[in-house]
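Numbering (UniProt numbering), first residue to last: 1 to 663.
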């Protein structure tokens with residue numbers, strides 16, 4: 001309900017009070033707004049002050065960083081200056097060192113020119129050249145003006161002939177120079193070489209450089225480029241400038257001892273043997289006798305004293321030669337060695353030079369370059385050889401003639417004879433054992449008759465363990481019956497190969513079947529009184545199983561050929577201690593890293609129970625056709641292992657093969 005006013009004054013009072021309250025509220029609001037504005041202004045001032053302080057702080061940091069960077073740059077500049085100073089000092093030292101080295105090298109070269117073969121009679125030679133130039137000028141002028149008389153030239157004088165010979169010798173150092181009729185005036189402190197008639201100040205350097213193979217004077221030879229130098233200083237300079245990256249391979253050191261001895265053995269055994277043939281004397285006794293008859297001691301012509309001795313470097317080399325070849329300690333006096341440890345006495349450079357002087361130019365070149373020409377003679381650089389000239393005789397105790405003919409297309413072993421006598425093999429086979437181990441493919445009577453026409457071939461028949469795996473018992477019984485009958489054929493010398501094989505992972509039933517038929521063949525060999533050829537291919541446990549069957553079924557004195565032996569040294573010892581007539585075959589597997597035990601037992605046990613096998617055509621030697629003649633490579637490898645002549649290896653292995661097969 002609306003309020004009623006009693007009079008106008010009351011109403012005015014109410015309105016007045018209302019407007020006063022309204023003015024108060026506006027003042028309050030204005031005060032609040034002013035306070036808010038002041039607060040905002042203060043916040044702005046505070047923010048500005050903070051920003052100013054931050055800016056000042058950043059300026060300080062920037063100044064500090066600039067100072068630090070400037071100091072760092074100054075330090076770097078100082079270090080670079082110091083390093084540059086060091087580099088300048090190093091370059092200066094290197095320059096001075098290089099100048100001294102070049103000066104020393106040129107001095108060495110000048111001495112070498114005087115030492116070796118540069119003719120010392122330069123003045124005469126220059127006069128002759130000037131004479132030739134004048135003569136040509138006169139001829140030219142005569143062509144232009146026929147009024148000028150032409151100077152007539154008589155035939156060359158003896159002195160001019162000598163200079164012509166010297167000039168030819170400079171072009172071809174292998175030409176032996178003939179002594180001119182007029183005596184040559186030798187420069188002071190020089191001698192004339194009695195081979196090439198050139199002046200020489202240092203006879204050894206001259207001889208090593210121009211008349212001996214590059215490797216004889218090992219201390220001054222570069223083994224990288226196969227070149228001889230007059231001095232060790234020249235060798236070092238050559239290595240540093242030509243091939244510094246192979247310095248260790250180029251210099252003579254302990255790693256080169258074996259190689260050097262093999263090279264010298266090749267020179268003595270084969271090169272000097274050829275020399276003995278040229279001189280028509282026996283080797284080595286005839287050659288030694290020939291040298292002894294030259295009356296070398298005290299001979300002024302050869303420049304040899306009464307007591308010829310090795311130089312210091314040669315003593316060291318001769319000692320290495322004797323040690324590696326198992327020769328007795330040598331005597332320093334050369335002539336005391338003749339007839340005792342004489343072979344190394346031929347190493348002395350004067351002895352070699354004297355012997356070489358008796359040869360023609362072509363023969364001298366053959367000796368000097370023997371290493372390059374050794375293949376021409378079918379010979380090897382290896383251990384010291386004592387065999388007369390001619391092909392080496394060997395025996396292949398195990399190969400497969402039927403498979404060889406299939407893979408090569410040959411009709412018989414005789415078609416390989418040309419290969420055997422080639423320079424690659426240079427070998428003759430005294431006899432071979434052809435193994436047939438698949439009864440389904442045994443040769444017929446007519447085929448065996450054809451094979452027997454080659455008197456070197458002997459036959460062996462057996463059942464291979466893999467044949468046992470792949471056939472039934474009834475078939476194997478039939479095979480065994482055929483085997484029993486064929487063993488009676490002519491030139492059959494053994495039973496085998498037979499044995500155990502797990503390379504194709506047979507099951508237990510087939511492996512037991514292998515053992516059964518292996519032992520049946522062992523008993524058959526005992527009944528027929530024939531040697532047995534044993535096959536054992538697998539792990540060491542398999543070799544133990546093979547040896548167990550042999551021990552249980554063969555007498556101790558039965559003849560056994562353990563084919564392609566790859567077992568351990570323990571198996572070798574066990575088998576050798578139980579069986580007195582057992583031999584072990586070594587094949588080209590000796591060259592593979594897979595069967596390292598082969599080399600191990602050869603080095604430790606020797607070759608008294610070893611025979612050589614090719615196992616052709618199954619085992620290849622490098623890229624050569626697998627054939628019986630590869631046994632020669634096996635023999636050479638054994639000779640290197642044991643440091644004995646290859647002829648000794650062949651003689652021993654041949655004797656062992658004859659002991660087993662009676663050939």
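Note that the Cβ used here is the ideal one computed from N, Cα and C, for glycine as well.
Quick caveat, the model's predicted, so the values are computed rather than measured.
Given residue i as reference, the closest of the options once Cα atoms are compared
i: residue 398; options: 505, 596 and 628; result: 628
i: residue 356; options: 320, 291, 392 and 414; result: 291
i: residue 316; options: 350, 261 and 293; result: 261
i: residue 258; options: 489, 323, 226 and 240; result: 323
i: residue 617; options: 244, 551, 194 and 403; result: 403
i: residue 255; options: 223, 280 and 267; result: 223
i: residue 571; options: 245, 559, 592 and 605; result: 605
i: residue 188; options: 201, 401 and 197; result: 201
i: residue 454; options: 199, 413 and 465; result: 413
i: residue 208; options: 476, 601 and 349; result: 349
i: residue 521; options: 220, 504, 476 and 509; result: 476
i: residue 641; options: 599, 195 and 95; result: 599
Buried or exposed by the 16-neighbour rule on C-beta atoms within 10 Å, applied to residue i
i: residue 481; result: exposed
i: residue 536; result: buried
i: residue 89; result: exposed
i: residue 435; result: buried
i: residue 662; result: exposed
i: residue 68; result: exposed
i: residue 458; result: buried
i: residue 251; result: buried
i: residue 353; result: buried
i: residue 622; result: exposed
i: residue 501; result: buried
i: residue 74; result: exposed
i: residue 543; result: buried
i: residue 61; result: exposed
i: residue 79; result: exposed
i: residue 653; result: buried
i: residue 566; result: buried
i: residue 465; result: buried
i: residue 588; result: buried
i: residue 650; result: buried
i: residue 364; result: buried
i: residue 488; result: exposed
i: residue 203; result: buried
i: residue 77; result: exposed
Proximity of residue i and residue j at Cβ, strictly below 9 Å
i: residue 499; j: residue 514; result: yes
i: residue 586; j: residue 554; result: no
i: residue 483; j: residue 518; result: no
i: residue 531; j: residue 580; result: no
i: residue 227; j: residue 216; result: no
i: residue 467; j: residue 437; result: yes
i: residue 540; j: residue 568; result: yes
i: residue 221; j: residue 235; result: yes
i: residue 664; j: residue 433; result: With the chain covering 1 to 663 only, the question about residue 664 has no answer from this structure.
i: residue 443; j: residue 469; result: no
Residue i, DSSP secondary structure in three states
i: residue 458; result: strand
i: residue 513; result: helix
i: residue 497; result: strand
i: residue 453; result: coil
i: residue 634; result: helix
i: residue 228; result: strand
i: residue 445; result: helix
i: residue 222; result: strand
i: residue 61; result: helix
i: residue 491; result: coil
i: residue 267; result: helix
i: residue 434; result: strand
i: residue 173; result: Any reading at residue 173 is ruled out, since the residue's pLDDT is 40, under 50, leaving its predicted position unreliable.
Sequence-distant residues of the same chain with beta carbon closer than 6 Å to residue i, five excluded per side
i: residue 656; result: 583 and 611
i: residue 614; result: 396, 399, 628, 630 and 631
i: residue 408; result: none
Contact set for residue i: own chain, Cβ-Cβ below 8 Å, skip 5 residues either direction
i: residue 320; result: 257, 260 and 261
i: residue 597; result: 566, 567, 568 and 569
i: residue 13; result: none
Contacting residues, own chain, Cβ-Cβ under 7 Å from residue i (five flanking each side not counted)
i: residue 3; result: Because residue 3 sits at a pLDDT of 49, beneath the cut-off of 50, its placement in the model cannot be relied upon, and the point is left open.
i: residue 154; result: Low per-residue confidence applies at residue 154: pLDDT is 48, beneath 50, and the placement is therefore not dependable, though the value from the model is reported in the following sentence. If we look at residue 154 and ignore the five residues flanking it on each side, it has no Cβ neighbours.
i: residue 556; result: 578, 579 and 580
i: residue 624; result: 630
Within-9 Å CB hit, residue i to chain C
i: residue 324; result: Annotation note: the requested chain C is absent from the structure, which comprises a single protein chain.
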